[in-house]
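The structure appears below as structure tokens.
There are 2 protein chains.
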Amino acid sequence: MSTNNHLVIMAGGIGSRFWPMSTPERPKQFIDVLGCGRTLLQLTLDRFAGVCPAENVWVVTSAAYAAQVAEQLPDVPRDHILMEPCRRNTAPCIAYVSWCIKVLNPQANIVVTASDHVVMDVQEFRRVIGGALSFTSETDAIVTLGMKPTRPETGYGYIQADLSVASARNKEIYRVDSFREKPDLATAEKYLRRNNYFWNSGIFVFRVSTIINALRVYQPEMSAIFEGMQAVYGTAKEQETINERFPLCESISIDYAVMEKAEEIFVFPASFGWSDLGTWGSLHEQSQRDANNNACIGPDIRLFDTHNCVVHTTGERKVVVQGLDGYIVAEHDDTLLICRLSEEQRIKQFSE
Amino acid sequence: MSTNNHLVIMAGGIGSRFWPMSTPERPKQFIDVLGCGRTLLQLTLDRFAGVCPAENVWVVTSAAYAAQVAEQLPDVPRDHILMEPCRRNTAPCIAYVSWCIKVLNPQANIVVTASDHVVMDVQEFRRVIGGALSFTSETDAIVTLGMKPTRPETGYGYIQADLSVASARNKEIYRVDSFREKPDLATAEKYLRRNNYFWNSGIFVFRVSTIINALRVYQPEMSAIFEGMQAVYGTAKEQETINERFPLCESISIDYAVMEKAEEIFVFPASFGWSDLGTWGSLHEQSQRDANNNACIGPDIRLFDTHNCVVHTTGERKVVVQGLDGYIVAEHDDTLLICRLSEEQRIKQFSE
Numbered sequence: 002m003s004t005n006n007h008l009v010i011m012a013g014g015i016g017s018r019f020w021p022m023s024t025p026e027r028p029k030q031f032i033d034v035l036g037c038g039r040t041l042l043q044l045t046l047d048r049f050a051g052v053c054p055a056e057n058v059w060v061v062t063s064a065a066y067a068a069q070v071a072e073q074l075p076d077v078p079r080d081h082i083l084m085e086p087c088r089r090n091t092a093p094c095i096a097y098v099s100w101c102i103k104v105l106n107p108q109a110n111i112v113v114t115a116s117d118h119v120v121m122d123v124q125e126f127r128r129v130i131g132g133a134l135s136f137t138s139e140t141d142a143i144v145t146l147g148m149k150p151t152r153p154e155t156g157y158g159y160i161q162a163d164l165s166v167a168s169a170r171n172k173e174i175y176r177v178d179s180f181r182e183k184p185d186l187a188t189a190e191k192y193l194r195r196n197n198y199f200w201n202s203g204i205f206v207f208r209v210s211t212i213i214n215a216l217r218v219y220q221p222e223m224s225a226i227f228e229g230m231q232a233v234y235g236t237a238k239e240q241e242t243i244n245e246r247f248p249l250c251e252s253i254s255i256d257y258a259v260m261e262k263a264e265e266i267f268v269f270p271a272s273f274g275w276s277d278l279g280t281w282g283s284l285h286e287q288s289q290r291d292a293n294n295n296a297c298i299g300p301d302i303r304l305f306d307t308h309n310c311v312v313h314t315t316g317e318r319k320v321v322v323q324g325l326d327g328y329i330v331a332e333h334d335d336t337l338l339i340c341r342l343s344e345e346q347r348i349k350q351f352s353e
Numbered sequence: 002m003s004t005n006n007h008l009v010i011m012a013g014g015i016g017s018r019f020w021p022m023s024t025p026e027r028p029k030q031f032i033d034v035l036g037c038g039r040t041l042l043q044l045t046l047d048r049f050a051g052v053c054p055a056e057n058v059w060v061v062t063s064a065a066y067a068a069q070v071a072e073q074l075p076d077v078p079r080d081h082i083l084m085e086p087c088r089r090n091t092a093p094c095i096a097y098v099s100w101c102i103k104v105l106n107p108q109a110n111i112v113v114t115a116s117d118h119v120v121m122d123v124q125e126f127r128r129v130i131g132g133a134l135s136f137t138s139e140t141d142a143i144v145t146l147g148m149k150p151t152r153p154e155t156g157y158g159y160i161q162a163d164l165s166v167a168s169a170r171n172k173e174i175y176r177v178d179s180f181r182e183k184p185d186l187a188t189a190e191k192y193l194r195r196n197n198y199f200w201n202s203g204i205f206v207f208r209v210s211t212i213i214n215a216l217r218v219y220q221p222e223m224s225a226i227f228e229g230m231q232a233v234y235g236t237a238k239e240q241e242t243i244n245e246r247f248p249l250c251e252s253i254s255i256d257y258a259v260m261e262k263a264e265e266i267f268v269f270p271a272s273f274g275w276s277d278l279g280t281w282g283s284l285h286e287q288s289q290r291d292a293n294n295n296a297c298i299g300p301d302i303r304l305f306d307t308h309n310c311v312v313h314t315t316g317e318r319k320v321v322v323q324g325l326d327g328y329i330v331a332e333h334d335d336t337l338l339i340c341r342l343s344e345e346q347r348i349k350q351f352s353e
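Quick mapping for you: the protein sequence lines, in order, are chains A and B.
Residues in the first sequence are numbered consecutively from 2, following our numbering.
Residues in the second sequence are numbered consecutively from 2, following our numbering.
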């Protein structure tokens, strides 16, 4: 484990698609979504065990969630829990933490990940992360992790790889041809038939100098904002200054801001049972299911004549369900949702 | 209002068919089942306003529920809340309270009612009760209230009346030919086609001397038990003695014990929107329903694409239901039930 390795966990999402389990006060990264005794945020840190020292872990979130992060990840240094004053998508988030890290260690080698995804095969995950970190430690590359697609998923962006030449340093890593937006079903089916399209997992690996150089080139205004705060990172004035300047950043994803523009972008195609858990349907798929294809997550759930459902409770709830097929039943605090899985895109509407 | 009038409310039921709303700790008579701000027990007392003085109200229940009765009915004298040491059906219950009343007032004229039924037309109810009390005050009759059936209900017992001769004292009161058990559907349909079969509401009116004489004749052993305790009614020794002797009573309904055997049994056919609320289906029918035939009882229930459901929550729950047809959704404390209305006879099984 190199002491240059840093881990950045982005934990500012509000998880509106998982209402009522996930609420703006306590979004899904702070919840034991899988019912395994650890929250998604904790599972995220867990799967990076051995990748970097605890003092090199960073979490970027909002002020509203900082206490929850500190409570759930007690080993993360309190001053590594960065608080964005407003939501500006992933590019300003990554820029902010990158400048913070550069002040401490200009040789830092960084993995950036979301806080609310799941990975089933952690051993393979660690092998891939290790390979990517090793690769970026010796190059100016930005490595993305591309998930080998198993279905024509329309909910993910895709990475088109040039599989004709593997990288000399790591035969599993390839150059990226292009990033593709979430496709329609016909396009997703086409991607699936070919073998060079991969789901964009949003997991990136790069040295701090690489990402900062790329930001300087492709996002000069944003870079100027963070460059101008060099004197305050790690000081008592940091938060106040960030609160003033961060809102000036354009709201833009790192994909748009850098990945689609930069030259040295690579993809590491991999299969480690990844999901962004973006929908109840994906939670259903990622969870252990009974003989009737029901995913039950909660301490006391009993089903009768019930099929293809996901039943999720937090707290000590007792639930009896009879005669449902293809439904979400979700309870959290004092809110109950019963909804067809096929209608889950309407959950935002229901929660208003 | 005659000071001889007494009201007896039987409130010892455990309401197992309404799980999880109704639990052994807090059965349905103690719950605001209709969402109107009053429990079924309170509504029961409310509908007798003007029938008898507050000091003539009696509630027979178990020790476990006495505190809930006292809390919900603060105007009922504490020593009129009688505690059965065990459940012995309605005959011992009525015998016990009748002997208690006789000690205080041998001229008492009594209405007996369940605590967990509903009546929609309270004005008509009072008119009928007044007529029945007037009738029994002048006769040795036992008057039952017979509900004019509106459907071939198989969940109620029936009273067959002899409509050929109305009583001279009240032209709406007739002699009973027989009591009939809960019928099968074909029989219920036959009863409905005739006009002399009425639902047995379990509401009885009689003078205390009438019921005690009938019990002495038809239930001599039970009567001996209560006769033998004459010296303790209303004294500090009452509970201790009842706890010893009451369990010796046969468990038998007043219908079997007296009504089906006695001579002077009358029925007052009436229509005042009565239901025993014995099932979720009957609650659905008795409740106000929306344009999609849903009955929603709770502070914050929102339905989408949902029909023919009964949604019942207690406490400050928020519920969103999408895409259900013909279901019970019931939440109470930390328990949730989702079940087809057509399968509600399985609720006892679910609750175990």
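Backbone N, C-alpha and C fix where the C-beta goes; we use that ideal spot for every residue, glycine too.
Check: Residue range of the beta strand (DSSP E) that includes B:N110; Outcome: N110 to A115
Check: A:M2 classed as buried or exposed, judged by whether at least 16 other C-beta atoms fall within 10 angstroms; Outcome: exposed
Check: Range of the contiguous alpha helix (DSSP H) that encloses B:K29; Outcome: Run containing B:K29: none; DSSP gives neither H nor E here.
Check: Closer than 7 Å at the beta carbon, the chain A residues around B:I243; Outcome: By Cβ distance, chain A contributes nothing, its closest Cβ being about 36 Å from B:I243, past 7 Å.
Check: Spatially closest choice to A:H118 from A:K319, A:N110 and A:T280, by CA coordinates; Outcome: A:T280
Check: Contact list for A:L325 against chain B, beta-carbon separation under 7 Å; Outcome: I339
Check: Residue burial classification, A:G324 (beta-carbon count within 10 angstroms, cutoff 16); Outcome: buried
Check: Per DSSP, cross-strand counterpart(s) of A:Y198; Outcome: A:Q161
Check: Cα-Cα separation, B:A215 to B:L105; Outcome: 19 Å
Check: Contacts that A:F305 makes with chain B (C-beta to C-beta distance below 9 Å); Outcome: C340, E344, R347, Q350 and F351
Check: Short CB-CB distance (under 8 Å) between A:T315 and chain B; Outcome: no
Check: Partners in chain A for B:K29, counting only beta-carbon separations shorter than 7 Å; Outcome: Going along chain A, no residue has its Cβ under 7 Å from B:K29, so there is no contact; the nearest lies around 18 Å.
Check: Residue-chain proximity (B:E26, chain A), Cβ-Cβ < 8 Å; Outcome: no
Check: Length of the line joining the Cα atoms of A:S210 and A:H333; Outcome: 43 Å
Check: Rounded C-alpha distance that separates B:G147 from B:F269; Outcome: 6 Å
Check: Delimiting residues of the alpha helix (DSSP H) encompassing B:L41; Outcome: L41 to D47
Check: Extent of the continuous alpha helix (DSSP H) to which A:L414 belongs; Outcome: The requested residue 414 of chain A is not part of the displayed model; chain A covers only 2 to 353.
Check: Closer than 8 Å to chain A by CB, B:V311; Outcome: no
Check: CB of B:N201 within 8 Å of CB of B:F180, strictly; Outcome: yes
Check: 8 Å Cβ cutoff, B:D33 in contact with chain A; Outcome: no
Check: Any 3 or more C-beta pairs closer than 8 Å across the region 84-94 of chain A and the region 164-179 of chain A; Outcome: no
Check: For B:R181, the residue or residues it bridges with in DSSP; Outcome: B:Y159
Check: Strand pairing of A:L337, partner residues [DSSP]; Outcome: A:E332 and B:V320
Check: Interface flag, B:K319 vs chain A, CB-CB below 8 Å; Outcome: yes
Check: Check whether B:V60 and A:F351 have beta carbons under 8 Å apart; Outcome: no
Check: Proximity winner among A:S272, A:H285 and A:A296, relative to A:V123 (alpha-carbon distances); Outcome: A:S272
Check: Residues bridged to B:V311 (per DSSP); Outcome: B:A296 and B:I329
Check: Cβ pair B:C250, B:M230 closer than 8 Å; Outcome: no
Check: For B:G203 and B:G235, the rounded distance between their alpha carbons; Outcome: 27 Å
Check: Proximity test, Cβ basis, 8 Å: A:D335 and chain B; Outcome: yes
Check: Chain-ordered neighbours of A:V322 on chain B, where CB pairs are closer than 7 Å; Outcome: I339
Check: Local Cβ density within 10 Å of A:M11, reported as buried at 16 or more and exposed below that; Outcome: buried
Check: B:V330 at chain A interface by Cβ criterion, 8 Å; Outcome: yes
Check: Spatially closest choice to B:A115 from B:T62, B:H308 and B:T188, by CA coordinates; Outcome: B:T62
Check: Beta strand (DSSP E) segment containing B:R303, residue limits; Outcome: D301 to F305
Check: Coil, strand or helix - A:L35 by DSSP; Outcome: coil
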